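*Asks:* Sequence order for the protein chains is A and B.
Position in the first sequence (first residue = 1) + 396 = my numbering.
Position in the second sequence (first residue = 1) + 4 = my numbering.
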Amino acid sequence: MISVEFSDFGWRHAGRRAPAVSGVDLRIEPGERVLLLGPSGSGKSTLLAALAGLLSTDSGESSGRVLLDGTDAAARRGRVGILFQDPETQLVMARSGDDVAFGLENQAVPAEEIWPRVREALAAVGFPYPLSHPTHALSGGEQQRLALAGVLARRPDLILLDEPTANVDPEGAEAIRESIRKSLAETSATMIVVEHRVADILDLIDRVVALGPGGEPVADGPPEAVFAEHGRSLAEQGVWVPGAPVPDRRGGGAGPSRLRGEQLTQTYPGAARPALSGVDFDLREGELLAVTGPNGSGKSTLCLLAGGLMKPTGGRTSVPGEARPLHRLPARRLTTRVGSVFQDTEHQFVTGTVRSELAFAPKAAGWARPRIDARVDELLERLRLDRLAEANPHTLSGGEARRLSVASALAAAPGVLLLDEPTFGQDRRTWGELVDLTANIRDEGTAVLAVTHDRDFAAALADRELVLRRGEVDREVGRC
Amino acid sequence: MLTLAPVSDERAPIARANPIAKVAAAALVSTTALLAGDWLTPLLLLAALAAIVPFTGIRPGPLAHRLKWLWLAAGTVTAVNTLFAAEKTGTTLLSAGPLQIASDPLIDGAALGLRVCVAATAGVLGFATTDPTDLADALTQQLRTSPRFTIGSLAALRMLPLLGAEWRQITTARRARGMEGGRNPIRRARLFASTMFTLLVGALRRAGRLAMAMDARGFDSAVPRTHARTQRMRRADWLILAAAAAVSIAAVALSVAYGTFKVLVST
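#1: Is any beta-carbon of chain B found at less than 8 Å from that of A/T826?
#2: Nearest-angstrom Cα distance between A/G568 and A/D482?
#3: Closer than 7 Å by beta-carbon distance: list the chain A residues that pair up with B/D219, in chain order.
#4: Out of A/P435, A/R423, A/M397 and A/S452, point me to the one whose CA is closest to A/W407's CA.
#5: For the stretch 803-812 of chain A against the stretch 748-768 of chain A, are there 3 or more C-beta pairs whose distance is under 8 Å?
#6: Taking 8 Å as the threshold (beta carbon to beta carbon), is A/R767 in contact with chain B?
#7: Within its chain, find whatever has a CB closer than 6 Å to the CB of B/D135; leave out the 5 residues flanking it on each side and keep chain order.
#8: With three or more beta-carbon pairs closer than 8 Å as the criterion, would you say the stretch 397-415 of chain A touches the stretch 453-473 of chain A?
#9: Under 8 Å, CB to CB, which of the residues in the stretch 547-558 of chain A have a partner in chain B?
#10: For the alpha helix (DSSP H) holding B/F265, just list the boundary residues, first then last.
#11: Residues of chain B with a CB under 8 Å from the CB of A/I576: which are they?
#12: List the DSSP bridge partners of A/I588.
#13: Which value, in whole angstroms, describes the spacing of the CA atoms of A/I601 and B/P228?
#14: Under a three-way DSSP split, which group does A/D850 fall into?
#15: Reducing DSSP to helix, strand and coil, say where B/L6 ends up.
#16: As a quick exercise: from A/V715, A/M706, A/T688 and A/Q744, pick the residue whose alpha carbon is nearest that of A/L681.
#17: Flag A/W763 as yes if its beta-carbon sits less than 8 Å from any beta-carbon of chain B, otherwise no.
#18: Flag this pair as yes or no: are the beta carbons of A/A686 and A/A858 separated by less than 8 Å?
#19: Spell out whether any CB of chain B is found under 8 Å from the CB atom of A/W407.
#20: In angstroms, rounded to a whole number, what distance separates the CA positions of A/P512 and A/E582?
#21: Could you tell me which residues DSSP pairs with A/L464 in its beta bridges?
#22: Count Cβ pairs between the stretch 511-531 of chain A and the stretch 470-485 of chain A that sit closer than 8 Å; are there 3 or more?
#23: With burial defined as no fewer than 16 other Cβ atoms inside 10 Å of the residue's Cβ, what is the status of A/W763: buried or exposed?
#24: Is there a C-beta anywhere in chain C that falls below 8 Å from the one on A/V430?
#25: Who are the Cβ neighbours of A/A785 in its own chain at under 8 Å, not counting the five residues just before and after it?
#26: Keeping to the same chain, check which residues put their C-beta closer than 7 Å to that of B/M5; ignore five residues upstream and five downstream.
#27: Between A/Q662 and A/P708, how many whole angstroms is the CB-CB distance? I'm expecting something under 8 Å.
#28: Quick one: using the 10 Å Cβ neighbour count with 16 as the cut-off for buried, is B/S99 buried or exposed?
#29: Counting only beta-carbon separations shorter than 8 Å, does B/Q146 have a partner in chain A?
#30: Any idea if A/P560 is buried or exposed, counting beta-carbon neighbours within 10 angstroms, 16 or more meaning buried?
#31: Can you find the residues in the same chain that come closer than 6 Å, C-beta to C-beta, to B/T271, ignoring five residues on each side of it along the sequence?
#32: Using three-state DSSP, classify A/G811 as helix, strand or coil.
#33: Compare the C-alpha of B/T202 against each of A/T747, A/E872 and A/L779 and name the closest.
#34: For B/V122 versus B/L53, is the C-beta distance shorter than 8 Å?
#35: Hey, how far is the Cα of A/D495 from the Cα of A/L487?
#36: So, with DSSP's three-state summary, where would you put B/I105?
What follows is the structure in structure tokens.
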């Protein structure tokens with residue numbers, strides 16, 4: 397147990413003019429379990445990094461003080477453990493047991509105590525594999541639980557969780573929360589968690605602190621009181637406030653067929669069974685088809701095959717008016733038929749400004765200059781990107797980057813839009829924007845296929861739902 | 005998948021040996037082969053290496069797979085040195101137009117190729133039976149290398165296989181955007197360069213995050229680290245070193261006795 401105190405704390409990243417946080421005053425008592433909320437960019441992660449002693453003087457400039465039990469946080473980092481979002485970049489070692497041992501070796505724990513403590517920590521998070529299990533063979537959720545064991549083994553007095561489930565699918569996320577629940581019950585450590593999906597972790601916390609845009613606390617107290625009083629403004633800032641209603645944006649009926657998949661089969665090299673086997677689908681104008689199913693059911697593979705981005709080992713995808721199957725079309729022609737948007741927007745941006753990003757596919761398709769300009773202006777306005785026309789795509793916020801990736805997929809006017817986990821890791825406000833945006837695109841006549849884990853997204857938008865299981869169609873549900 | 009994980013049965017005697025002992029033994033044998041300028045010394049060393057394969061626990065398939073390219077390189081060395089030797093002395097074995105194979109260059113070429121074979125085989129046997137983690141442990145504990153550098157490299161090594169998957173993702177994402185090399189070689193080259201750049205930027209960003217996660221678990225604390233697994237030289241490890249030395253000396257001695265021995269750099 398340890399107390400936490402920020403007094404007039406501020407931090408400015410090197411090379412930035414505006415501080416990430418400034419004038420933060422906050423005290424957390426020993427043993428408290430605190431949820432830290434705030435709009436993106438309010439500096440939640442910066443505060444956690446400060447507590448973990450990870451803000452070095454060469455990466456920025458700090459002001460005020462951060463104290464743990466009354467002394468400077470940077471001097472007590474051995475007592476703090478932090479779990480980050482990304483499972484892939486938290487594991488150091490090739491064998492699971494070694495990875496947990498890594499933090500103990502650094503702490504100079506005597507060799508004979510290391511393995512008992514490793515076993516204890518792995519048991520606390522319910523890790524199901526032996527010590528020698530390779531870390532690269534774990535799923536994202538399992539990797540995250542292993543990383544949690546690595547944090548717990550060091551027996552920290554302050555546990556920091558920075559959106560621990562944001563990069564993991566729903567089943568994996570639930571298992572992580574279960575591990576956190578179990579291990580927190582066994583320790584008296586102070587805990588601070590950053591999380592957008594509030595409802596899922598309400599039972600883990602006893603205090604909520606909501607930050608304003610500059611990092612200053614704007615609401616503070618027991619969860620019920622904070623949500624009763626500030627629920628509305630928090631929801632507007634992007635927090636998933638418990639009990640908020642899901643909109644209904646189902647479509648008005650489907651038109652002619654726009655994209656057809658026949659007997660689609662895909663077996664990856666070296667795989668024991670096909671990732672996808674004999675799947676048929678028909679996507680029609682003005683409808684949204686949600687493709688759902690558990691992890692490894694072949695959803696993402698179906699999305700790649702539907703978009704003509706991979707050669708199927710069997711079957712074909714085609715659009716009306718095109719004799720060749722989609723995977724054989726040159727890329728510049730493909731973009732005029734089908735637009736694909738991936739979960740990770742980062743790799744999809746290929747130019748230096750938002751405007752040239754939108755002009756890219758039409759230009760490659762050989763459109764005339766005036767037609768391209770008219771199309772780009774139209775998209776900038778429709779997707780509210782006009783203010784950002786000259787900005788670099790890589791500097792956009794999560795919501796803006798998502799809007800741009802949808803706009804650039806639609807730029808060359810394809811009749812079909814494919815979305816792979818469009819709402820993954822988004823806050824509540826961006827989520828609402830995406831639901832509206834997708835509904836509008838569909839209602840204007842585009843056929844939309846969305847691969848999603850997100851029950852709320854499917855409930856709000858889907859006209860039909862295709863449920864996959866082990867690479868095959870389990871069932872199809874009509875929802876009109 | 006790109007991987008450097010061991011491919012041997014971990015219970016085999018050589019797989020269980022200390023990594024430093026194995027690296028030193030492999031270095032000893034390779035150095036002997038590289039310094040000898042004749043054909044008999046490397047041939048004897050290669051025979052000795054073949055004799056220890058059963059004790060390494062490596063299955064023939066994966067072994068052949070790892071050796072394939074290295075032996076191909078050795079074959080090329082032999083061919084080039086035979087065909088393009090300056091003085092084609094000795095008996096002419098084959099003469100077809102400009103192509104001439106004489107006995108002396110053939111022997112010299114074979115000697116050079118065999119030396120490459122020995123070095124490659126010794127290295128493959130050493131690394132295919134060694135877990136990188138154990139090697140890093142041994143380096144920091146026995147040779148006192150800097151943990152910051154050694155464990156840092158080990159962590160970087162673990163991220164290597166991710167690059168292949170990332171490359172495919174970038175290429176797919178670009179096709180979706182209408183960006184593709186097609187048949188135009190210049191466009192292909194430019195696309196390759198820009199994909200490589202994206203890959204590197206991503207790798208650097210990941211490395212930064214990993215470094216932060218490692219420091220958060222105390223990797224940069226000033227306390228001297230302890231070791232979960234102790235690496236030290238045991239009797240079997242000294243035996244391996246002694247055997248490597250004995251084999252090297254014996255090969256040279258036999259070659260001298262047979263009258264073929266010469267040192268690579270003749271004065």
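We put the beta carbon where it would ideally sit given N, CA and C, even for glycine.
In this text the structure is predicted, and so the values were computed from the model without any measurement.
*Replies:* On the basis of the coordinates in this document:
#1: no
#2: 13 Å
#3: L450
#4: Residue A/S452 is the option with its Cα nearest to A/W407.
#5: yes
#6: no
#7: P10
#8: yes
#9: V547 and R550
#10: No alpha helix (DSSP H) holds B/F265; DSSP gives it neither H nor E.
#11: The premise fails here: A/I576 is roughly 17 Å from chain B at the closest Cβ pair, so nothing lies under 8 Å.
#12: The beta-bridge partner set that DSSP reports for A/I588 consists of A/V430 and A/L556.
#13: 37 Å
#14: coil
#15: Any reading at B/L6 must be qualified, since the residue scores a pLDDT of 41, below 50, and its modelled position is unreliable; no value is offered.
#16: Looking at the sequence shown, residue 681 of chain A is not Leu but Glu. A/E681 has its Cα closest to that of A/V715, out of A/V715, A/M706, A/T688 and A/Q744.
#17: no
#18: yes
#19: no
#20: Looking at the backbone, the Cα of A/P512 and that of A/E582 are separated by about 17 Å.
#21: A/V400 and A/T467
#22: no
#23: buried
#24: This model lacks chain C altogether, as its protein chains are A and B.
#25: Contacts found: T749, V750, R751 and L776.
#26: With a pLDDT of 36 at B/M5, under the threshold of 50, the modelled position of that residue is not reliable, and the figure given next carries that caveat. For B/M5, where only same-chain residues beyond five positions count, the Cβ hits under 7 Å are P165 and G168.
#27: 5 Å
#28: exposed
#29: False, the Cβ-Cβ gap to chain A never drops below 8 Å.
#30: Around the beta carbon of A/P560, a 10 Å sphere encloses 16 or more other beta carbons of the protein chains shown; the residue is thus reported as buried.
#31: Note that B/T271 scores a pLDDT of 42, beneath 50, so its modelled location is shaky; the value from the coordinates is reported in the next line. Its chain contains no residue whose beta carbon lies nearer than 6 Å to that of B/T271 once the 5 sequence neighbours on both sides are disregarded.
#32: coil
#33: A/T747
#34: yes
#35: So the alpha carbons of these two residues sit roughly 6 Å apart.
#36: strand
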